[in-house]
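Written out below as structure tokens is the structure these notes cover.
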Amino acid sequence: MPGDRVDPDRSAVNGTTPPPRVAVIGANGHGRWHRRVIAPLHAAGRLRLVALVDVRPVEDDPAAPVPPGVAVFTDHRAMLAATRPEVVVICTPPHTHLAIARDALATGADLLLEKPPVLSLAEHEELTWALTAAGRVAQVGFQALGSAALTALTDALAAGRLGTVTGISTIAAWQRPDAYYARSPWAGRRSVDGRPVLDGALANPLAHAVMQCLAIAEALAGATPWPVAIEVERYRVRPIEVEDTAVLRVRFRAGPPVLVAVTLAAEEFVAGEVVVTGTTGQAVLEYPTDRLRLPGDVVTRRVPGRLGLLENLLAHRVDPVGVPLIAPLARTAPFTALLDALRPAPEPRLLDGELVITLGEGGERVRHLRGVVDVLRRSAERGALPSELGVPWASGAYRAELAG
Ligand SMILES: NC(=O)c1ccc[n+]([C@@H]2O[C@H](COP(=O)([O-])OP(=O)(O)OC[C@H]3O[C@@H](n4cnc5c(N)ncnc54)[C@H](O)[C@@H]3O)[C@@H](O)[C@H]2O)c1
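Here full-length UniProt numbering is used: the first residue of the sequence shown is 1, the next is one more, and so on.
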């Protein structure tokens with residue numbers, strides 16, 4: 001069992017267990033966020049950061065200076081062989097996750113694997129087998145699942161405060177400048193070198209919006225919510241291969257449908273709201289900020305107490321039964337099922353001309369889709385696709401059934 005595995009040669013001579021050895025693969029980009037999470041845990045002796053890996057030079061981060069003695073590698077296999085970490089944070093591009101995860105598992109590490117963990121159900125199955133064979137675990141980087149506000153919401157649902165839930169929807173409206181798409185060769189790509197990447201708004205930057213809805217559907221069903229059908233409209237305001245704007249409706253074997261309305265081309269910012277509608281009331285969770293409004297609340301309140309994924313993984317390794325993982329790979333299967341269903345969808349419709357406003361220059365240049373937030377709000381409120389609302393720029397929906 002994962003919790004039993006303290007190698008004798010790693011045990012401290014004085015009888016105490018040394019802190020787990022942790023490495024980060026993909027140390028730049030979002031990896032810097034992980035380094036900032038790790039820094040205080042390393043300083044407190046709760047883990048020992050042993051290595052950073054990146055194919056590019058590791059960038060300085062003032063909030064997470066590289067501690068003395070931490071080795072820096074450009075090749076993850078060389079790092080695994082040289083430092084034998086017990087926990088590996090994998091924060092590389094999505095299409096590299098499975099191969100790196102397999103290598104880390106082969107050397108006996110548990111994983112904190114960034115989302116999207118894998119890009120197909122076949123990969124999900126392969127990784128599940130690799131975890132089982134190695135006797136290790138993978139926590140997936142859906143950090144909003146550790147939110148106490150989400151738990152407060154699902155507790156309220158269980159207590160019947162909304163009556164019978166009839167719909168779950170989410171809206172998130174962000175803005176990403178040209179520099180975001182220029183930062184890495186995989187950004188905004190459907191595939192790289194023939195390998196699926198699927199770097200659309202649904203699969204990547206706004207994946208948390210999708211996953212929070214799935215977590216609520218899971219809480220309502222008391223089991224994994226298995227999607228059986230999707231309808232989706234995907235749009236883009238740039239020459240990218242994937243969507244920056246999408247409305248996705250998901251139906252499940254049982255339970256209410258989910259409507260996801262998201263954009264990276266917003267003229268106004270909406271951090272990310274999940275709205276749960278029931279026969280006797282409505283609840284709104286702002287998932288990035290853990291702010292919640294339940295029926296009867298006069299104001300939206302912040303619910304503090306978010307559990308960190310790495311700390312939870314470390315605690316789980318010590319007590320696998322008493323401390324369940326927040327985001328085990330198995331919990332992400334419905335999310336990956338949605339990626340599978342989205343993969344064959346046609347290229348998103350390119351919106352341009354009068355519909356789009358361009359502001360700024362160079363890497364800071366942004367493209368706003370006029371009125372997109374209003375469209376997404378109406379979609380989320382009515383559970384409707386833009387074409388069903390009569391939006392002039394809407395295209396027909398792509399529909400797919402999923403294997404039950
Ligand atoms: N949980 C979240 O909120 C969140 C936020 C942002 C990104 N992410 C995820 O984190 C992962 C990385 O995203 P990003 O935006 O930082 O990407 P990025 O391309 O900006 O950075 C990835 C880093 O990995 C390095 N890299 C690439 N291949 C590598 C390899 N084989 N070995 C070692 N290093 C390698 C790159 O040089 C780069 O520094 C993705 O899975 C992404 O979806 C999660």
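Quick reminder that beta carbons are idealized off the backbone N, C-alpha and C, glycines included.
Inter-residue spacing [alpha-carbon to alpha-carbon] between residue i and residue j
i: aspartate 244; j: serine 395; result: 15 Å
i: glycine 29; j: tyrosine 180; result: 11 Å
i: histidine 368; j: threonine 277; result: 29 Å
i: glutamate 268; j: threonine 358; result: 14 Å
i: alanine 63; j: leucine 131; result: 33 Å
i: histidine 124; j: alanine 333; result: 7 Å
i: valine 391; j: valine 137; result: 45 Å
i: aspartate 297; j: alanine 149; result: 14 Å
i: valine 250; j: valine 375; result: 18 Å
i: proline 205; j: cysteine 213; result: 15 Å
i: leucine 127; j: leucine 329; result: 9 Å
i: isoleucine 25; j: isoleucine 90; result: 5 Å
Candidates the options: closest to residue i by CA position
i: leucine 309; options: Arg302, Arg317, Thr107; result: Arg317
i: arginine 46; options: Ile326, Asp340, Ala315; result: Ala315
i: valine 356; options: Arg370, Val366, Arg365, Gly363; result: Arg370
i: arginine 238; options: Leu206, Arg189, Gly194; result: Arg189
i: alanine 215; options: Pro94, Ala159, Tyr287, Arg382; result: Tyr287
i: alanine 34; options: Gly296, Gly141, Pro18; result: At residue 34 the sequence reads histidine, which differs from the alanine that was named. Checking every option, the nearest Cα to that of histidine 34 belongs to Gly141.
i: glycine 362; options: Ala221, Thr107, Asp178; result: Asp178
i: aspartate 61; options: Arg32, Ala122, Ala403; result: Arg32
i: isoleucine 168; options: Glu381, Tyr398, Arg399, Arg84; result: Glu381
i: glutamine 175; options: Pro57, Thr263, Asp193; result: Thr263
i: proline 19; options: Gly26, Ala44, Ala27; result: Ala44
i: proline 348; options: Tyr235, Leu342, Val323, Pro67; result: Tyr235
i: aspartate 103; options: Val89, Glu401, Arg77; result: Arg77
i: leucine 342; options: Val89, Val323, Leu202; result: Leu202
Contact under 8 Å by Cβ, residue i with residue j
i: aspartate 290; j: valine 275; result: no
i: alanine 50; j: threonine 74; result: This sequence places valine at residue 50; alanine is not what is there. Going by C-beta atoms, valine 50 is not nearer than 8 Å to threonine 74.
i: leucine 52; j: valine 72; result: yes
i: leucine 292; j: leucine 153; result: yes
i: valine 258; j: valine 373; result: no
i: proline 116; j: leucine 294; result: no
i: methionine 211; j: leucine 119; result: no
i: glycine 255; j: alanine 221; result: yes
i: alanine 246; j: glycine 200; result: yes
i: glutamine 143; j: leucine 111; result: no
i: threonine 280; j: leucine 162; result: yes
i: leucine 121; j: threonine 336; result: yes
i: alanine 109; j: glutamate 86; result: yes
i: alanine 261; j: threonine 170; result: yes
i: alanine 397; j: valine 232; result: yes
Residue i, DSSP secondary structure in three states
i: valine 275; result: strand
i: histidine 368; result: strand
i: alanine 51; result: strand
i: proline 94; result: helix
i: aspartate 4; result: Note on aspartate 4: pLDDT 36, under 50, position unreliable in the model; the coordinate value appears next. It is helical.
i: alanine 397; result: coil
i: serine 191; result: strand
i: alanine 287; result: The sequence given here has tyrosine at residue 287, not alanine. Correct three-state label for tyrosine 287: coil.
i: isoleucine 240; result: coil
i: glutamate 218; result: helix
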